[in-house]
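Worksheet: the structure to be examined is printed underneath.
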Amino acid sequence: MSTGVSVGSVAADLSWEVRANDRLFHRKQQRRSCLCLHRGRYSDNVIRSYKYSALTFLPLSLFEQFQRIANIYFLCIVVLQSIPAISTLPWYTTMIPLLTVLSVRGFKDLADDLARRRSDSQINRQPCDLLTNEGFTSVQWKDVCVGDVLRLHKDQTVPADLLLLSTTEPHSLCYIETSDIDGETNLKIRQALAVTHQELSSDPIEPSLLAFDGRVWCEEPNSHLHSFKGVLEWRDMRHLLDTGHILLRGTVLRNTRVAYGLTIYTGLDSKILQNCGQTAVKTTQVERTLNKVVVGIVLLVLLVALLLSVGAGIFEDRVAPSIEVLAELGGRYTPIYKVFLTFWGYIILLSPSMPMSLYITFELVHVIHSLFIGWDLDLYDGGVDVPAHARSTTLNEELGQVRYLLSDKTGTLTENRLIFRQCCIAGILYGNMPDKAKKHDTLDLSWNPFSCGGLQFSDKRLVDTLRKPGCPEVREFFKALALCHTVMAEWKEGAPVYQAASPDEEALVGAARELGWVFLSRTRDSMTLSELGHRRQYELLALLDFTSQRRRMSVLVRDPEGELKLYCKGADIVILERLRKDTTHCESTEKALEVFSQGCLRTLCVAVRSVQEGLWEEWSRALEQAAMTTGASDDLYDNMERELTLLGVTAIEDQLQVGVPETIATLRQAGIKVWVLTGDKKETAVNIGFACRLLDPDTRLLQGEELRQLLQTPSPEIPLNGGQGKGKGAEDRTSAMVITGPELVEFEEQPELGKRFIALSRQCQAVLCCRTTPSQKAGVVQLIRKYTSSVTMAIGDGANDVNMIKTAHIGVGLNGLEGGQAVQNADFSLAKFHFLRKLLLVHGRWSYRRISVFLRYFLYKTSSFAFVHIWFAFCNGFSGQPMYESWFITLYTILYTSFPVQCLAVFEQDVSAEGSLRWPSLYQVGVRRQLFNPRLLAATFLYSIYTSLVLFFIPLSVFRFSAIDFQTFSVTVATASVFTSTTELILQTGYWTMFSAAAVVFSMSVYFLATLILHSPLLHKVAPADFYFLGAFQDAFANPLVWLTVLLTTCTAVLPSLTARALVLVLNPPDTHRVHSSDGAVQTERHLELRSAFRRGHVHRRSSYAVSQGPGFGWLITSGVALDKTPTAQNDRVDINKIKMDFAPKMQTDVPQADHSQESAGCGQTELTAYAVSL
């Protein structure tokens, strides 16, 4: 519509200018980037989730890798080794490993980035129709520019944010699905301006669109999905724009043949990508702790080098002059200069305490762990041929430390499918919950020509009752389902296809169609049904649409016999209070509602009222008068929806993905807090929370004003039970928070509320965040990361989850129905939610354990090996002479001891995969960081100091009074070091494979063989300066004293480790030992792990369909905007001969009894049948 607002007053706050069909104007101002420099205003429509380009790969990769302290440290060591005056080891011994690490990590990051680039290319190359001077031409998404006019076809995804100009529907309406934006599968309505509809809808349309030269002034690109402000200037008129005129990128055009739109925002300027956030470099908790350890080791090396260099200066100044030989050799350097040279020499000599091979092996182990995830057939979905994929290979151990799991709802927990499961009509229950132990027979609906299949309802009694005469209540019930809705019917291949504003309505109307009450078509004032093959047309007098306040909807119709009836459906608490006083079956219906609520089914009550002609005429006149008064019609609706007669109750299941309840129950046992973040309605999220066992039946929901009061409590530890307790001691396991998007906005304005929110969440078993935007989802993750040190994981399947996935420590994308953007931006991709169970409890737990043990052992063996130089310094006058041969220093970590520790990091497991799933509490070891923490690292460091003392002083004490030379002493200490590290690894290994045993044998064999070769006369002749241990191997191992010393040193070195393990096993057995000890008992009780969390007889809630439904298309139907006044041409009557009618009466006497020995994990077949019999 046009407005009288002046150009200046409107455009003052709207600075984003879009000129229709003016590519030259927008191309001149298109945004261009070079490195970190940006110029221009309008973004192109190219998606770039990759990080590197040909110019930026090398500098960015090096920048990211040198954020590791160890890489900077080794670079400094290489520089020092290049200076001959202070070098104690050849420069290439560190340079080659450093280049290897940088190259391996760089190429791995490049491979990951190329995969993201390929995914981006698939999106950027999708086709769309662009208006040019030659007409509409098919181009790729990446070619779309601001100001372009696009043509969209039905079921096509919108490539950019568009202003809707016109459609082929009446009044230029169109229907869009926003599941990739907010997770909702129900249709939303958009409508073009009246002026563009009138001027740009005439045939031929292309010349009109080419001549369109309107100018749009709107707000700058932002992340607000549910708001838009703008004005269209065209033909000296100004027309206000809002969200009802905008098609957002990522939405899908439904139920509309063709739509035309003007491009407003493209690429990164589009609202959905404004919500996606930036790609950040993620590091694990273990890696961050390791960086701190590296800093500590570097500082220690600097301190020790300084002390030893000071000792060298003192020795050079006071001791050396008194020794004749040293006095003759000395004198070239002053003591101060000697201190300077010795300081750098000892830094190089002690550098193996933080070896480069650690990082090479670390990268290799990460890659292998990632391959294990991809190779796991249990994580492979054969139906869609999608395996699990570790898109990031650096976060594997983080999978074993997750404390908070933040999940999307639609498409992640659910399958976007609602199923008609049960109903209660006239006090009789029909239908069964799915029982995995027994497969129910499907109904024979071949008599119904409109049946499309897919009805998961197996109670034949209902079909028999419907098809025989004399059961008016049952027929009236399904007539109400076929009439009381706002569903639109579209005919395809001779059958109606339903488009609904709510998936609940689509499920109910579809169920009525399968059972013989088929909704065929509607006009502005009529509805046509096929009732068991008989075509009947009802006059639609009034439609009382659903609102969140009313929680019900009604239709007032006149049947072909001329009788007026009001059909109403809604929440039980709303319908039951509007019933007539003499209504029957109320008590049995209440019991049925309890049964349905135990099964977490979404319910609504269905009722009817006969309306007198005089009452209708009086009410109709009053409604016309009230139409001009805001809110007055609600009172009239309420007056009409009184004195109802109860027909029954429906129960539909929001179909969860396979294994979701069991997975969430197991994750909760593992100590993982599961939060659900969804753009859906509060009631829907709560229903799903109960259905998937995130919430227990007696869970106390903290929401609304009660939650607000708790968050405003000044105490940092918020009491939940009237102040009876605080903190962890008063943790209320039966409480859950339910919070909405508008309430989350207050956390940005008042940061203290966010801190209290996280404090309160620690006392709750779960948190449900509803009506949240993508940016708010990411904000919740940031809150957790800000006020806790826990690891967070986000999982989703749509573009609305991308920001959350990027913000969390670990992002998991599901290959779902909402596009592939979540997978493209995720660290891990899965096909099903229940695969998360094994990913975390098996792969994550194993990876954390393997890497933690690997890192601790690596630090132990290298530190104990390097610290021997410190003790040797006290015997060589602090001269910086190495204790070992230079080749032994080079080969110790990369050959002699590398393969066994690699096998430990790859194959080690304390409990099998089955045991890990059976005992989820074992996962808490990672959540509590019990295997890699400062205390354990300090103990490992002290143990390495003890070992270094033993390695040096026991051989020194044994050889003190013997004729053993230095080279033999050095070989003895080196051999003892290899034996000690190998023995310690054998003690660490709890799971032996043929590769582990072969690695130990191979490493020991290589040590002896390599030492023999390096000490051979042949190499000494070739390079006497590099191979100066001539014959030391033969001399040493020919002496029995050397072998005895090696064995004594090895046993003494590992004695504390062996003793500590024995004491822990006796005094405080770990959980894994209890698991192995009770393995037989566990096998007999395995089924207890997946037992239902519902407790019978304690029902404190009811699920309600009507509360969860959104506003329908009622205003469109009653206004006639989207409908014609005459019915669609169809055959007047269905061929009754094609329908096999069986009116033989059937007795409903024998109701099968449920087997009480088999208790269903869902709603409980025992109680359901018992109620049916009693009713």
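Take 180 as the starting number for the sequence shown in my numbering and just add one per residue. The C-beta atom is built at its ideal place from N, Cα and C for all residues, glycine as well. Note that this is a predicted model, so its numbers are computed, not measured.
For residue i, which of helix, strand or coil comes out of DSSP?
i: Ser194; result: coil
i: Arg1139; result: coil
i: Phe1187; result: helix
i: Ala1217; result: coil
i: Tyr354; result: strand
i: Gly187; result: Per-residue confidence for Gly187 stands at a pLDDT of 47, beneath the threshold of 50, marking its modelled position as unreliable; the derived number appears in the next sentence. Helix at Gly187.
i: Thr1126; result: helix
i: His568; result: strand
i: Asp299; result: helix
i: Gln1309; result: The pLDDT assigned to Gln1309 is 45, lower than 50, so where the model puts this residue is not dependable; a value taken from the coordinates is nonetheless given after this. Coil, per DSSP.
i: Lys658; result: helix
i: Arg1097; result: helix
i: Asp1212; result: The identity of residue 1212 in the sequence shown is Phe, whereas the question assumes Asp. Phe1212: helix per DSSP, three-state reduction.
i: Ala233; result: coil
i: Trp795; result: helix
i: Phe599; result: strand
i: Met1173; result: helix
i: Val1278; result: Annotation note: pLDDT 42 at Val1278 (below 50); position unreliable, no value reported.
i: Lys852; result: strand
If the criterion is Cβ atoms closer than 8 Å, does the pair residue i and residue j meet it?
i: Trp795; j: Leu743; result: yes
i: Thr463; j: Leu574; result: yes
i: Phe1007; j: Ala569; result: yes
i: Leu624; j: Phe1012; result: no
i: Leu389; j: Leu293; result: no
i: Thr468; j: Phe1111; result: yes
i: Ile831; j: Leu890; result: no
i: Ile974; j: Asn1004; result: no
i: Asp359; j: Ala978; result: yes
i: Met916; j: Ser940; result: yes
i: Thr782; j: Leu825; result: no
Looking at C-alpha atoms only, which residue of the options is the closest neighbour of residue i?
i: Ala1084; options: Ile547, Glu922, Ile515, Ile256; result: Ile547
i: Lys471; options: Pro1113, Thr845, Thr1238; result: Pro1113
i: Pro921; options: Arg730, Cys943, Gly958; result: Gly958
i: Asp415; options: Phe1053, Val676, Val374; result: Val374
i: Ser402; options: Leu419, Arg369, Asp448; result: Asp448
i: Ala721; options: Ala491, Leu802, Glu773, Glu348; result: Leu802
i: Trp151; options: Pro514, Tyr1039, Thr1229, Leu372; result: There is no way to answer for residue 151, as the model of the chain reaches only from 180 to 1354.
i: Ala1177; options: Leu1191, Ala1189, Thr1161; result: Thr1161
i: Gln635; options: Glu693, Ala679, Asp683; result: Glu693
i: Ala786; options: Phe775, Ala864, Val653, Ser1136; result: Val653
i: Phe1086; options: Tyr1170, Pro651, Val1104; result: Tyr1170
i: Asn303; options: Leu1121, Asp751, Leu277, Ala339; result: Ala339
i: Asn256; options: Phe236, Trp1066, Met533; result: A small fix is needed here, since residue 256 is Ile in this sequence, not Asn. Nearest option by C-alpha distance: Met533.
i: Gln580; options: Tyr1027, Glu399, Phe1206; result: Tyr1027
i: Leu1018; options: Tyr966, Gln961, Tyr1102; result: Tyr1102
i: Leu529; options: Ala1153, Leu481, Gln1167, Asn1247; result: Leu481
Check for me: the beta strand (DSSP E) holding residue i runs from which residue to which?
i: Arg879; result: 879-881
i: Arg414; result: Neither: Arg414 is in no beta strand (DSSP E) and is coded neither H nor E.
i: Leu947; result: 945-949
i: Ala915; result: 914-919
i: Cys307; result: 306-311
Kindly examine the ligand HEM and report whether one of its heavy atoms sits closer than 7 Å to the Cβ of residue i.
i: Ser767; result: This structure does not include the ligand HEM; it has no bound ligands of any sort.
For the alpha helix (DSSP H) that residue i lies in, which residues bound it at each end?
i: Gly992; result: Element bounds for Gly992: not the alpha helix (DSSP H) but the beta strand (DSSP E), 989-993.
i: Leu203; result: 202-207
Would you mind listing the alpha helix (DSSP H) stretches within the region 666-714 that are 4+ residues and don't spill past its ends, in chain order? Every alpha helix (DSSP H) of 4 residues or more that sits fully in the region 666-714 is shown, in chain order, as 682-693.
Could you give the uninterrupted runs of the beta strand (DSSP E) lying entirely in the region 418-480, keeping only those of 3 residues or more? Within the region 418-480, the complete beta strand (DSSP E) runs of at least 3 residues are 431-433, 437-444.
Identify every run of the beta strand (DSSP E) within the region 328-404, keeping only runs that are complete inside it and at least 3 residues long; order them along the chain. Correct list: 328-332, 340-346, 352-357, 363-370, 394-397.
Whole alpha helix (DSSP H) elements within the region 719-781, 4-residue minimum: If only uninterrupted alpha helix (DSSP H) runs of at least 4 residues are considered, those enclosed by the region 719-781 are 751-754, 765-777.
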